[in-house]
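Residue numbers (this note's numbering), protein chains in the order written: chain D, 132 to 481; chain C, 132 to 481. For each residue, glycine too, the CB sits at the ideal point set by N, CA and C. Everything numeric in this text was worked out from a predicted model, so none of it was measured.
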């Protein structure tokens with residue numbers, strides 16, 4: 132699974148078109164910031180880390196698609212490209228982080244004389260974009276390796292949503308990293324993927340991703356998460372996280388909380404997998420607002436109505452799992468066990 | 132809400148076409164066993180009690196649509212009508228129960244001389260069909276009245292699937308009976324309805340039914356059941372049941388178990404509502420096979436694919452909630468509290 136490929140010979144970026152998944156596997160080849168911005172806007176690429184990587188390469192193409200004469204002109208082009216890219220998804224933190232990072236690096240290289248020509252600047256920026264990708268992959272590999280200690284041969288893992296390599300752009304992922312590392316090492320492992328309404332990331336993306344990698348996966352309706360645990364079909368639960376507080380409260384895709392409570396009740400381990408960048412050591416649980424999205428996401432599926440018109444809908448995007456239900460948090464710096472209010476700071480701040 | 136209406140002046144049965152809900156509210160008027168059998172087959176009417184009532188009136192129409200000359204001929208016509216009706220849904224127990232009941236009654240009336248003419252026989256069978264409807268409504272009203280003691284003014288009830296008046300044909304229902312009785316009495320009550328994948332009975336039927344009755348209802352994705360309870364938006368959970376064992380294990384629509392576990396964990400009461408006929412005092416929990424349905428129900432929604440073709444699916448129809456998570460069982464004979472292994476027999480066998 133390769134959602135993002137940089138073609139260094141042609142200076143183009145090939146993206147697996149995620150907006151067409153899982154019905155069509157098509158790739159788009161992009162050569163300039165405008166095309167890349169449009170691909171981000173049209174959700175051909177999605178997931179915070181994947182958008183960051185894509186945007187970083189988008190900055191590179193500002194200089195390769197129409198190569199400037201001078202370094203001054205190069206900085207102008209990069210400044211303009213940043214604007215074009217940033218407006219693609221105005222709320223995506225990773226996007227502006229990546230474009231700011233690339234622009235600031237470029238300015239530094241020019242000011243400090245590290246880049247003496249436009250070509251040298253392009254090489255340095257290519258290296259930086261690759262580093263964003265490599266750092267992400269490295270962190271995920273680490274999570275995968277740490278997580279491996281929680282997987283036994285023959286295990287079945289219940290997940291939620293898509294915290295896989297499509298979302299991160301590396302092909303590996305966070306919650307799915309241990310499963311993929313295990314599979315690479317020849318350890319027998321399979322996954323149960325709940326469809327994850329309303330957006331169906333489970334049925335559309337997780338299932339696609341695992342089938343592509345040859346890892347056995349079974350799709351269930353969200354209603355069946357309880358029964359599969361009750362029937363002993365699940366050895367552990369592994370999910371991603373959108374935000375983890377210093378006391379161990381885990382914010383993740385809606386539906387995570389129910390898996391955690393049932394797992395806890397039935398003695399099944401529940402693991403959240405997330406990079407250190409996910410931790411928010413400042414907010415308290417009461418401070419975090421749970422975003423609500425368009426009611427039509429629940430009233431329709433792929434544009435087809437499934438409920439009476441105008442029905443009142445509550446459509447929260449994520450839920451919060453209290454630390455009591457979390458067996459451990461797996462990061463690229465190691466596994467964090469309870470008591471979380473002590474141990475999270477130890478790892479995050481080290 | 133009137134899903135089944137017998138028009139005594141015209142000898143016709145009017146059914147709310149449930150196969151078109153919630154997108155179209157249309158009624159079909161039927162006058163003979165063939166038409167009624169076809170309506171059952173096409174799921175224009177569904178739900179065990181509703182099918183039973185419909186089939187009973189189907190037997191009546193065997194004699195009203197083309198009135199026979201003799202009582203002998205009448206019994207022949209009823210025997211034929213039973214065959215036509217029974218084949219509409221071969222696994223529906225209520226269907227064959229209702230048609231057998233009507234045919235046996237008819238034979239008895241003729242043999243014992245209670246019906247001295249075809250017209251007298253028609254009147255007696257109309258009375259019997261009406262009694263099936265009335266007994267159902269009476270039982271549901273009783274459940275509603277018993278359940279009322281668990282509802283406070285301003286309460287919000289979380290349910291699952293559709294255990295409402297559409298399924299029973301009376302317009303009242305089982306799990307929704309207390310809510311409807313409360314609403315009739317001017318007690319403020321609202322409902323949160325999970326969509327209930329894969330069949331979406333929540334978004335298609337429960338929501339339609341409550342909107343029709345003017346009872347406030349909020350639709351959620353199945354993934355959001357945990358969060359609504361966590362956020363204190365739910366005062367109690369009320370669900371129906373397909374089968375209840377003598378020790379209190381409740382078999383109900385897939386997704387019920389997760390609601391029960393979370394409610395238990397958060398101190399929210401969980402009630403199963405079901406008539407005495409739902410109790411199975413013979414089986415042990417290990418003996419009950421959980422039916423699995425067509426994987427395409429999970430792979431598609433209203434015919435539209437939502438997952439990669441050929442993905443492996445586990446699609447169980449119901450799950451089992453152990454007695455530990457059940458606060459009480461509300462029946463037409465009263466409320467049953469733990470210890471269920473003692474108290475269920477007391478009520479059911481009395």
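Residue 417 (chain C) by DSSP, collapsed to three states: which one?
-> helix
Segments assigned beta strand (DSSP E), at least 3 residues, entirely inside the region 225–309 of chain C | 286–289
If we cut at 9 Å on Cβ distances, does residue 389 (chain D) have a partner in chain C?
-> yes
Mind pulling the beta strand (DSSP E) runs of 3 or more residues that sit fully within the region 141–226 of chain C?
-> 143–147 and 158–161
Where does residue 319 (chain C) sit, in a helix, a strand or coil, going by DSSP?
-> Residue state, collapsed to three classes: coil.
Continuous beta strand (DSSP E) assignments of at least 3 residues falling wholly in the region 340–427 of chain D | 348–351, 367–370, 374–376, 381–384 and 401–404
What are the partner residues of residue 465 (chain C), as DSSP defines its beta bridges?
-> C:462
Outcome for residue 416 (chain C) when other beta-carbon atoms lying within 10 angstroms are tallied against a minimum of 16 | exposed
Keeping to the same chain, check which residues put their C-beta closer than 6 Å to that of residue 219 (chain D); ignore five residues upstream and five downstream.
-> Its chain contains 168, 171 and 172 as the residues whose beta carbon lies nearer than 6 Å to that of residue 219 (chain D), once the 5 sequence neighbours on both sides are disregarded; these appear in chain order.
Within the present structure, is the beta-carbon of residue 305 (chain C) separated from the nearest heavy atom of the ligand NAP by less than 8 Å?
-> Ligands displayed in this structure: none; no statement on the ligand NAP is therefore possible.
Taking the alpha-carbon positions, what's the residue 135 (chain D) to residue 433 (chain D) distance?
-> 25 Å
Given a threshold of 16 other Cβ atoms within 10 Å of its Cβ, counted over all protein chains shown, does residue 140 (chain C) qualify as buried or as exposed?
-> exposed
Ends of the beta strand (DSSP E) at residue 136 (chain D)?
-> 135–138
In the DSSP assignment, find the unbroken alpha helix (DSSP H) run with residue 479 (chain D) in it and report its ends.
-> Its alpha helix (DSSP H) spans residues 471–479.
Looking at residue 341 (chain C) and residue 368 (chain C), is the spacing between their C-beta atoms short of 9 Å?
-> no
Beta strand (DSSP E) segment containing residue 451 (chain C), residue limits = Per DSSP, the unbroken beta strand (DSSP E) holding residue 451 (chain C) starts and ends at 449–452.
Within chain C, partners of residue 361 (chain D) - CB distance below 8 Å | 388, 450 and 451
Flag this pair as yes or no: are the beta carbons of residue 463 (chain C) and residue 406 (chain C) separated by less than 9 Å?
-> yes
Any idea which residues DSSP pairs residue 324 (chain D) with across the strands?
-> D:350
Inter-residue CB distance, residue 372 (chain D) and residue 456 (chain D) (contact presumed, cutoff 8 Å) = Not really, about 13 Å apart at Cβ, beyond 8 Å.
Taking just the CA atoms, how far does residue 179 (chain C) sit from residue 375 (chain C)?
-> 16 Å
Could you check what DSSP says for residue 429 (chain C) in three-state terms: helix, strand or coil?
-> helix
For residue 312 (chain D), three-class secondary structure by DSSP = It is helical.
Would the region 198–218 of chain C and the region 326–337 of chain C be scored as touching if the rule is three or more Cβ pairs under 8 Å?
-> These segments do not touch.
Along chain C, which residues have their Cβ under 8 Å away from the Cβ of residue 353 (chain D)?
-> 328, 352, 353, 354 and 386
Candidates C:224, C:194 and C:221: closest to residue 211 (chain C) by CA position | C:194
When burial is assigned at 16 or more other CB atoms within 10 Å of the CB, is residue 472 (chain C) buried or exposed?
-> exposed
Could you work out which residues of chain C lie near residue 370 (chain D), taking near to mean beta carbons separated by less than 7 Å?
-> Neighbours of residue 370 (chain D) on chain C: none; closest Cβ ~12 Å, over 7 Å.
Simplified DSSP assignment, three categories, for residue 338 (chain D) = helix
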